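*Asks:* Sequential numbering from 479 applies to the sequence shown in the working numbering.
Handing you this structure, nothing more for now.
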Amino acid sequence: MFNSIAQQYNGQSNWDISTLYFYFSLVIFTSVIGYLAQHSKSLLTYQNPRLGFRKHQLNHELFFAIFLVLLLISGFRRIGADYLNYKDIFIASTTENAIYFSIEPGFLLVNKILSAIGLNFEVAIFIFSFTTIILVFAAIRDYANKINVSLALMAYVSLYYLPSFNMVRMYLAASIILYSYKFFLRGQMKKYLIVLSLTLFIHFSVFLFFFPIIGIWMFNKNKYWFWGVYVIGFILAFKAISMFSELTLIDRYTHYAEAGETEDSLGILHWIINIPIFVLYLYARKKIPNSPYLSSLLVLTFCEFLIGLLSYKIIILGRSLVYYNVLFIVIIPIVIQQLKQRHTRWCSIVAQTYYIYLFCRFYLYLKEYLYLDGIMPYKMIEL
Numbered sequence: 479m480f481n482s483i484a485q486q487y488n489g490q491s492n493w494d495i496s497t498l499y500f501y502f503s504l505v506i507f508t509s510v511i512g513y514l515a516q517h518s519k520s521l522l523t524y525q526n527p528r529l530g531f532r533k534h535q536l537n538h539e540l541f542f543a544i545f546l547v548l549l550l551i552s553g554f555r556r557i558g559a560d561y562l563n564y565k566d567i568f569i570a571s572t573t574e575n576a577i578y579f580s581i582e583p584g585f586l587l588v589n590k591i592l593s594a595i596g597l598n599f600e601v602a603i604f605i606f607s608f609t610t611i612i613l614v615f616a617a618i619r620d621y622a623n624k625i626n627v628s629l630a631l632m633a634y635v636s637l638y639y640l641p642s643f644n645m646v647r648m649y650l651a652a653s654i655i656l657y658s659y660k661f662f663l664r665g666q667m668k669k670y671l672i673v674l675s676l677t678l679f680i681h682f683s684v685f686l687f688f689f690p691i692i693g694i695w696m697f698n699k700n701k702y703w704f705w706g707v708y709v710i711g712f713i714l715a716f717k718a719i720s721m722f723s724e725l726t727l728i729d730r731y732t733h734y735a736e737a738g739e740t741e742d743s744l745g746i747l748h749w750i751i752n753i754p755i756f757v758l759y760l761y762a763r764k765k766i767p768n769s770p771y772l773s774s775l776l777v778l779t780f781c782e783f784l785i786g787l788l789s790y791k792i793i794i795l796g797r798s799l800v801y802y803n804v805l806f807i808v809i810i811p812i813v814i815q816q817l818k819q820r821h822t823r824w825c826s827i828v829a830q831t832y833y834i835y836l837f838c839r840f841y842l843y844l845k846e847y848l849y850l851d852g853i854m855p856y857k858m859i860e861l
């Protein structure tokens, strides 16, 4: 099972089978305890009437236990291909050398503040980890009465948790976008756009997520407008992709664009990844046609599909897929839970299929990116 993963290391000393078992156990742990957190007796309840939910049935002790485990593993880590780069950024943040890193001003400012008050880099990493993880858990908790918590947590750990060990800024920005998505669902479009605009100062690639948000708004207003714009955008995107390196605005990303151009590819794997989600939408539209989450499910899937195909031309675009975490962590688990609450036929099979889907995606991540992200073997800081 692990042979294809081991091939990436080609006998190198940093291959560690125990780390691999450890990461797989995390996925299983979060999904199982997440299930128990939703279905065991709740000692505490959390209520948020602004979201229109009566009560959040959630065992907060178990929910917090999962959060604590993930925080300790992430917060005290000493791994990641860019770990030392972030350390250099932190050290240089209060000096004139900071300009040479071309880091987004918001993230640089946070580093300056943490350094100025006397904190070291290891504490900064813990704070970034804490913020990233707690925003994800807060988002899941907000929908706890209508989301499959186990699926949501498994989606987070299998798709986004380990990559955050390396790409700190992007995953911090993605967690902010995920948590604030509730503003968009409430119809507070301006408020959500303000959050997106501010998050740009954490990572400029957040700009790419404006398009699916506008797409969902357009779809809800007029489906024909959306499909017309999407088809035109699809064609223009592939026409313009060869100009990507010339359009790069930040010098820091220019070499990514130049080095990341690949040969023509149909992106078969990304087709395979998205087909189950398309099928889920068709099934959900038939069984729960009035669900307010279906427009997000459809539009985000199609936009994620487009970005995924473009990433086969320009590899760096694939990193921006992290901003679609709301699709896999919130929207799909909510739709599956709605199918269950309506007692629709095959609802349990749909949930089980998503478990398998996430497990396969996790395996593919380990196969393709475990080596590149530099997260093996797992190492903790020395306290």
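Note that the Cβ used here is the ideal one computed from N, Cα and C, for glycine as well.
All figures in this text were calculated on a predicted structure; none of them were measured in a lab.
Leaving out five residues before and five after G786 in sequence, what residues of the same chain have Cβ atoms less than 6 Å from its Cβ?
*Replies:* Position 308 of the sequence shown, counted from the first residue, corresponds to residue 786. Only H748 meet the Cβ criterion.
*Asks:* Tell me whether Q815 is buried or exposed, calling it buried when 16 or more other Cβ atoms sit within 10 Å of its Cβ.
*Replies:* Here residue 815 is taken as the residue at index 337 of the sequence shown, counted from 1. Burial call: buried.
*Asks:* Count the other CB atoms within 10 Å of the CB of F688; is the residue buried (16 or more) or exposed (fewer)?
*Replies:* For the purposes of this step, residue 688 is identified with residue 210 of the sequence shown, where counting begins at 1. Exposed, because fewer than 16 other Cβ atoms sit within 10 Å of the Cβ of F688.
*Asks:* Short of 7 Å in beta carbon distance, which residues of its chain neighbour G558, apart from the five on each side in sequence? Order them along the chain.
*Replies:* Translated into positions along the sequence shown, residue 558 becomes position 80. Result list for G558: F643, N644, D851, G852, I853, in chain order.
*Asks:* Enumerate, from N- to C-terminal direction, the unbroken alpha helix (DSSP H) stretches of 4 or more residues contained entirely within the stretch 751-839.
*Replies:* Within the stretch 751-839, the complete alpha helix (DSSP H) runs of at least 4 residues are 772-788, 810-819.
*Asks:* Rounded to whole angstroms, what's the CA-CA distance from I794 to F783? Just pull it up for me.
*Replies:* For the purposes of this step, residue 794 is identified with residue 316 of the sequence shown, where counting begins at 1. For the purposes of this step, residue 783 is identified with residue 305 of the sequence shown, where counting begins at 1. In a straight line, the C-alpha of I794 is about 15 Å away from that of F783.
*Asks:* Please return the same chain residues whose Cβ sits closer than 7 Å to the Cβ of I864, not counting the five positions on each side in sequence.
*Replies:* The displayed coordinates of the chain run from 479 to 861. Any statement about residue 864 would go beyond what the structure contains.
*Asks:* Would you kindly report the start and end of the unbroken alpha helix (DSSP H) that includes F579?
*Replies:* The residue labelled residue 579 in the question sits at position 101 within the sequence shown. No alpha helix (DSSP H) contains F579, which DSSP labels as neither H nor E.
*Asks:* Which first and last residues belong to the alpha helix (DSSP H) in which M894 is found?
*Replies:* Limits of the chain in this structure are 479 at one end and 861 at the other, which puts residue 894 out of reach.
*Asks:* Are three or more beta carbon pairs between the stretch 653-672 and the stretch 544-553 nearer than 8 Å?
*Replies:* Output reads no: the stretch 544-553 does not touch the stretch 653-672.
*Asks:* For P868 and Y759, what's the separation of their Cα atoms in angstroms?
*Replies:* Beyond the ends of the chain as shown, which are 479 and 861, falls residue 868; an answer cannot be given.
*Asks:* Whose C-beta lies closer than 7 Å to the C-beta of Y487 among residues of the same chain, with five residues either side of it excluded?
*Replies:* Your numbering for residue 487 matches position 9 in the sequence shown. W493, Y849, listed in sequence order.
*Asks:* Assign T610 to buried or exposed, taking buried as 16 or more other Cβ atoms, counted over all protein chains shown, within 10 Å of its Cβ.
*Replies:* Here residue 610 is taken as the residue at index 132 of the sequence shown, counted from 1. Classification for T610: buried.
*Asks:* E582: buried (16+ other C-beta within 10 angstroms of its C-beta) or exposed?
*Replies:* Indexing the sequence shown from 1 puts residue 582 at position 104. By the 10 Å Cβ count, E582 comes out buried.
*Asks:* Can you find the residues in the same chain that come closer than 6 Å, C-beta to C-beta, to L631, ignoring five residues on each side of it along the sequence?
*Replies:* As a working mapping, residue 631 is identified with position 153 in the sequence shown. T508, G512, listed in sequence order.
*Asks:* Assuming the contact rule is C-beta atoms closer than 8 Å, A633 and P767 should be a hit. Round their C-beta distance to whole Å, please.
*Replies:* Translated into the one-based positions of the sequence shown, residue 633 becomes position 155. Translated into the one-based positions of the sequence shown, residue 767 becomes position 289. Wrong, their Cβ atoms sit about 24 Å apart, outside the cutoff.
*Asks:* For A515 and L536, which I take to be in contact (beta-carbon distance under 8 Å), what is that distance rounded to the nearest angstrom?
*Replies:* On the sequence shown, residue 515 is found 37 positions in, with the first residue counted as 1. On the sequence shown, residue 536 is found 58 positions in, with the first residue counted as 1. Going by Cβ atoms, the distance from A515 to L536 rounds to 6 Å, so yes, they are a contact pair.
*Asks:* Just to confirm before moving on: does the CB-CB distance between V808 and Y659 stay below 8 Å?
*Replies:* If you number the sequence shown from 1, residue 808 lands on position 330. If you number the sequence shown from 1, residue 659 lands on position 181. In this structure, Y659 lies closer than 8 Å to V808 by Cβ.
*Asks:* Just to check my reading of the structure: Y832 and L629 have Cβ atoms closer than 8 Å, yes? What is that Cβ distance to the nearest angstrom?
*Replies:* Walking along the sequence shown from the start, residue 832 turns up at place 354. Walking along the sequence shown from the start, residue 629 turns up at place 151. Yes, Y832 and L629 are in contact; Cβ-Cβ is about 6 Å, under 8 Å.
*Asks:* Mind checking who R555 pairs with in its DSSP beta bridge?
*Replies:* By one-based count along the sequence shown, residue 555 stands at place 77. Per DSSP, M858.
*Asks:* For A652 and R820, I'd like the C-alpha separation in whole angstroms.
*Replies:* The sequence position of residue 652 within the sequence shown is 174, counting from 1. The sequence position of residue 820 within the sequence shown is 342, counting from 1. When rounded, the distance between both Cα atoms is 31 Å.
*Asks:* If you compare alpha carbons, which of I551, I483, I567 is closest to K857?
*Replies:* Locating residue 857 in the sequence shown gives position 379, where the first residue counts as 1. Nearest C-alpha to K857: I551.
*Asks:* Could you check what DSSP says for T573 in three-state terms: helix, strand or coil?
*Replies:* As a first step, residue 573 must be located in the sequence shown, where it is residue number 95. Here T573 sits in coil by DSSP.
*Asks:* Pick from S496, F502, L562: whose alpha carbon is nearest that of C838?
*Replies:* Here residue 838 refers to the residue found at position 360 when the sequence shown is read from its first residue. The candidate whose alpha carbon is nearest that of C838 is F502.
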